[in-house]
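Visitor: If you're matching positions, the sequence shown starts at 771 in our numbering and goes up one per residue. Cβ coordinates follow ideal geometry from the N, Cα and C atoms, glycine included. Every value quoted in this text rests on a predicted model; they were computed, and no experiment measured them. Right, I'll just put the structure down here and ask away after.
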Amino acid sequence: MDMSLQGKHIVLGITGSIAAYKSAILTRLLVKKGAEVQIVITPAGKEFITPVTLSALSGRPVISDFFASGDGTWHSHVDLGLWADLMVVAPATASTLGKMTHGIADNMLITTYLSMKAPVFVAPAMDLDMVRHVTTQRNLEKLKSDGVRIIDAAEGELASHLEGKGRMEEPEKIVAILEQFFAEKCHLAGKKILITAGPTYERIDPVRFIGNFSSGKMGFALAEECAARGAEVLLITGPTALSLSHPRIRKIDVESAQQMYDAAVNAFPEMDAAILSAAVADYRPEAAAEQKIKRTEGENLTLALTPNPDIAATLGKMKKPGQKIIGFALETNDEEYHAIKKMEQKNLDYIVLNSLQDQGAGFGHDTNKVTILSRNGEKKSFGLKTKKEVAKDIVDVIFGTTSNESG
Ligand code: C5P
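This is the structure:
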């Protein structure tokens, strides 16, 4: 028996739509795959399907009111928010989508949504004109930007007997989407991944440094993506304006290349992989002045620079079978040739080539355009995407998308 959702805690939100009858099938499929399903239904939802049917299928009392009618027990939406591994609202009416968008917490489903710590999916169901309406579209866009995942309504015959987009996606398809989500989410469980990010600052004197324009966004996005897929991440980062909080990301803040080198070399033997996205300064001032360097009118100031250690090359030498190292390259000419040479010289398994030719790609931007080259000659080029999406592509290429491929 396929128990791909074994032990997963799923909150299924049901709202007032004809498609609510499909929620019964959805509940059955989820339970059959091993999930524990807690149904939260809106008052309007109960007009379409009875809690008796749903509680029989889920094996749990259905929650609708803030208090149980019999004994006045308070149903804690906060507890549900912590219990859940995932929430899916199917069907999601235009009204519920609107309430979710604006936080109108006048029923148990919306309070549960607002307390939810787990990812949330919605499967809209409504008439075609309602789907198309600018308000619905605006709400869906807003929810998407809030991190809610939309399971698009399908085309077909609607309850109004009109044909068009608006049918709730079929339960089998919804289950497949959720299974895929969990598979992607956890296939790096047990893996330890070191990530370097950001610029390094090389001190000239107590108030000045040599740095670069790296924002750290790519490395932070990679850390979040790896952690979201179950990995334990050690993020060693130079100074950035970014923050993150994920229980599986440990962050070590460093300033200079030497500090980043020390932290990385120390941690690498325990790691399964290292992703080196930091823009490490190649040189540092030979000696940082102890006092602020004074300006002398009319005289040049010459700084003697000495090379920094190469973290990637050092880890490349330390690498044991089973460990992977991924580097980044930013080249201005003969990009691929130089990237491949770098990958070989530093003994890397993959190199991610940032394009400098494209607007919006690379340093400081929220978007990036990359080509991923592998040691065994494979090459994958991607379009301009947000760094979050680029992080997904990179992790897919390096570790695969399911537990079977993660090696
Ligand atoms: O040689 P280059 O700096 O272009 O190499 C880029 C790759 O090497 C990146 O992955 C970067 O993080 C890494 N690197 C490093 N330590 C250095 C210089 C670069 O880890 N000192």
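Within 10 angstroms of the Cβ of Glu1067, are there 16 or more other Cβ atoms? Answer buried if so, exposed if not.
Guide: Along the sequence shown, one-based indexing puts residue 1067 at 297. Counting Cβ neighbours within 10 Å, Glu1067 comes out exposed, since fewer than 16 surround it.
Visitor: Starting from the C-beta of Leu1075, find all residues in its chain whose C-beta is less than 7 Å away, skip the five residues before and the five after it, and write them out in chain order.
Guide: Start at 1 with the first residue of the sequence shown, and residue 1075 comes out as number 305. Cβ neighbours of Leu1075 beyond the five flanking positions: Tyr1053, Arg1054, Pro1055 and Glu1056.
Visitor: Since Trp844 sits in a beta bridge, which residues does DSSP pair it with?
Guide: Position 74 of the sequence shown, counting from 1, holds the residue named residue 844. Paired residues: Phe837.
Visitor: Going by the DSSP bridge assignment, what does Thr1084 pair with across the sheet?
Guide: As a first step, residue 1084 is located in the sequence shown; it is residue number 314 there, counting from the start. Answer by DSSP bridge pairing: none, since Thr1084 is not bridged.
Visitor: Compare the C-alpha of Met773 against each of Glu806, Arg1145 and Ile788 and name the closest.
Guide: Here residue 773 refers to the residue found at position 3 of the sequence shown. Closest option to Met773, Cα to Cα, is Glu806.
Visitor: Taking Ala1001 as the reference, give the member of Ala888, Met1030, Glu942 and Asp1042 with the closest Cα.
Guide: Translated into the one-based positions of the sequence shown, residue 1001 becomes position 231. Cα-wise, what sits closest to Ala1001 is Asp1042.
Visitor: With distances taken from CA atoms, which of Leu782, Met857 and Asp1163 is nearest Leu827?
Guide: The sequence position of residue 827 within the sequence shown is 57, counting from 1. Looking at the Cα atoms, Leu782 is the closest of the given residues.
Visitor: Name the two residues that bound the continuous alpha helix (DSSP H) containing Tyr1120.
Guide: Locating residue 1120 in the sequence shown gives position 350, counting from the first residue. DSSP places Tyr1120 in no alpha helix (DSSP H) but in the uninterrupted beta strand (DSSP E) bounded by Tyr1120 to Asn1124.
Visitor: So what does DSSP say about Gln1093, is it helix, strand or coil?
Guide: On the sequence shown, residue 1093 is found 323 positions in, with the first residue counted as 1. Coil.
Visitor: What is the C-beta distance between Leu879 and Lys778, in whole angstroms, given that I count them as a contact (C-beta under 8 Å)?
Guide: Here residue 879 refers to the residue found at position 109 of the sequence shown. Here residue 778 refers to the residue found at position 8 of the sequence shown. Between Lys778 and Leu879 the Cβ distance is about 20 Å, and since that is not below 8 Å, they are no contact.
Visitor: Using 8 Å for Cβ pairs, my map puts Leu1123 next to Ala1161. What's the rounded Cβ distance?
Guide: The residue labelled residue 1123 in the question sits at position 353 within the sequence shown. The residue labelled residue 1161 in the question sits at position 391 within the sequence shown. Cβ-Cβ separation between Leu1123 and Ala1161: approximately 15 Å, too far for a contact (criterion under 8 Å).
Visitor: Considering only the beta carbon of each residue, do Ile1095 and Ala1049 sit closer than 8 Å?
Guide: Here residue 1095 refers to the residue found at position 325 when the sequence shown is read from its first residue. Here residue 1049 refers to the residue found at position 279 when the sequence shown is read from its first residue. No.
Visitor: CB-CB under 7 Å to Ala838, same chain, minus the five flanking residues each way: which ones, in chain order?
Guide: Counting from one through the sequence shown, the residue named residue 838 turns up at place 68. His845.
Visitor: I need the boundaries of the alpha helix (DSSP H) containing Ala1034, first residue and last residue.
Guide: Within the sequence shown, the letter at position 264 stands for residue 1034. Unbroken alpha helix (DSSP H) run through Ala1034: Ala1027 to Ala1037.
Visitor: With a Cβ-Cβ cutoff of 8 Å, do Leu824 and Ile809 count as a contact?
Guide: Counting from 1 along the sequence shown, the entry for residue 824 is found at position 54. Counting from 1 along the sequence shown, the entry for residue 809 is found at position 39. The answer is yes: Cβ separation under 8 Å.
Visitor: Taking the C-alpha atoms as reference points, what is the distance between Phe983 and Pro1009?
Guide: Start at 1 with the first residue of the sequence shown, and residue 983 comes out as number 213. Start at 1 with the first residue of the sequence shown, and residue 1009 comes out as number 239. Approximately 11 Å, taken between the alpha carbons.
Visitor: Please check the pair Pro861 and Ala790, which I expect to be a contact at CB under 8 Å, by giving their CB distance rounded to whole angstroms.
Guide: Here residue 861 refers to the residue found at position 91 when the sequence shown is read from its first residue. Here residue 790 refers to the residue found at position 20 when the sequence shown is read from its first residue. Contact between Pro861 and Ala790 holds: their C-beta atoms lie close to 6 Å from each other, under 8 Å.
Visitor: Would you mind reading off the limits of the beta strand (DSSP E) that contains Arg973?
Guide: In the sequence shown, residue 973 corresponds to position 203, counting from 1. Counting along the chain, the beta strand (DSSP E) containing Arg973 begins and ends at Glu972 to Asp975.
Visitor: Would you say the beta carbon of Ile980 comes nearer than 7 Å to a heavy atom of ligand 1?
Guide: As a first step, residue 980 must be located in the sequence shown, where it is residue number 210. Incorrect: Ile980 has no Cβ contact closer than 7 Å to ligand 1.
Visitor: Under the assumption that Leu948 contacts Asp897 (Cβ atoms under 8 Å), give the Cβ distance between them as a whole number of angstroms.
Guide: Walking along the sequence shown from the start, residue 948 turns up at place 178. Walking along the sequence shown from the start, residue 897 turns up at place 127. With a Cβ gap of about 26 Å, Leu948 and Asp897 do not count as contacting.
Visitor: Are the C-beta atoms of Glu1101 and some chain C residue less than 8 Å apart?
Guide: Of the chains in the structure shown, none is chain C; there is only one protein chain.
Visitor: Quick one: Cα of Thr1171 to Cα of Asn1138, how far?
Guide: Residue 1171 sits at position 401 when you count from the first residue of the sequence shown. Residue 1138 sits at position 368 when you count from the first residue of the sequence shown. Spanning the two alpha carbons is a distance of roughly 21 Å.
Visitor: Look up His779 in the DSSP assignment and give the residues it is bridged to.
Guide: Reading the sequence shown from its first residue, position 9 is the one you call residue 779. According to DSSP, which records beta bridges pairwise, His779 is partnered with Glu806.
Visitor: Which same chain residues end up closer than 6 Å to Glu1106 when comparing Cβ atoms and leaving out the 5 residues on each side of it in sequence?
Guide: As a first step, residue 1106 must be located in the sequence shown, where it is residue number 336. If we look at Glu1106 and ignore the five residues flanking it on each side, it has no Cβ neighbours.
Visitor: Going by C-alpha distance, which of Gln1129, Gly1147, Phe1038 and Gln1093 is nearest Ala1109?
Guide: Here residue 1109 refers to the residue found at position 339 when the sequence shown is read from its first residue. Closest in C-alpha terms to Ala1109, from the list Gln1129, Gly1147, Phe1038 and Gln1093, comes Gly1147.
Visitor: To the nearest angstrom, how far is the alpha carbon of Phe951 from that of Asn909?
Guide: Taking the sequence shown and counting its residues from 1, one reaches residue 951 at position 181. Taking the sequence shown and counting its residues from 1, one reaches residue 909 at position 139. The alpha-carbon of Phe951 is positioned some 23 Å away from that of Asn909.
Visitor: Rounded to whole angstroms, how far is the Cβ of Tyr1120 from the Cβ of Leu1143, which I believe are closer than 8 Å?
Guide: Counting from 1 along the sequence shown, the entry for residue 1120 is found at position 350. Counting from 1 along the sequence shown, the entry for residue 1143 is found at position 373. Right, the Cβ-Cβ distance comes to about 7 Å (below 8 Å), so this counts as a contact.
Visitor: According to DSSP, what are the bridge partners of Phe1098?
Guide: By one-based count along the sequence shown, residue 1098 stands at place 328. Note: Phe1098 sits in a beta bridge opposite Val1122.
Visitor: For Ile947, which of helix, strand or coil comes out of DSSP?
Guide: Taking the sequence shown and counting its residues from 1, the one referred to as residue 947 is at position 177. Looking at Ile947 - three-state DSSP - the assignment turns out to be helix.
Visitor: Could you check whether the stretch 960-976 touches the stretch 1021-1036, counting it as contact only if at least three pairs of C-beta atoms, one from each stretch, sit closer than 8 Å?
Guide: yes
Visitor: Mind listing, in chain order, the continuous beta strand (DSSP E) runs of no fewer than 3 residues lying wholly within the stretch 861-924?
Guide: 890-894
Visitor: Is it buried or exposed, Ile1168, if we count other Cβ atoms within 10 angstroms and call 16 or more buried?
Guide: Working through the sequence shown from its first residue, we reach residue 1168 at position 398. Buried, because 16 or more other Cβ atoms sit within 10 Å of the Cβ of Ile1168.
Visitor: Taking only three categories from DSSP, how would you classify Gly981?
Guide: Walking along the sequence shown from the start, residue 981 turns up at place 211. Coil.
Visitor: For ligand 1, is there a heavy atom less than 7 Å away from the beta-carbon of Ile1081?
Guide: Position 311 of the sequence shown holds residue 1081. Indeed, a heavy atom of ligand 1 lies less than 7 Å from the Cβ.
Visitor: Look up Val1165 in the DSSP assignment and say whether it is helix, strand or coil.
Guide: In the sequence shown, residue 1165 corresponds to position 395, counting from 1. Val1165 falls in the helix class under three-state DSSP.
Visitor: Note down, in chain order, each residue of its chain lying with its Cβ closer than 8 Å to the Cβ of Thr785, except the 5 sequence neighbours on either side.
Guide: Against the sequence shown, residue 785 aligns to sequence position 15. For Thr785, where only same-chain residues beyond five positions count, the Cβ hits under 8 Å are Ile811, Thr812, Ala814, Gly815, Val859, Pro861, Ala862, Thr863, Ser865, Thr866 and Leu879.
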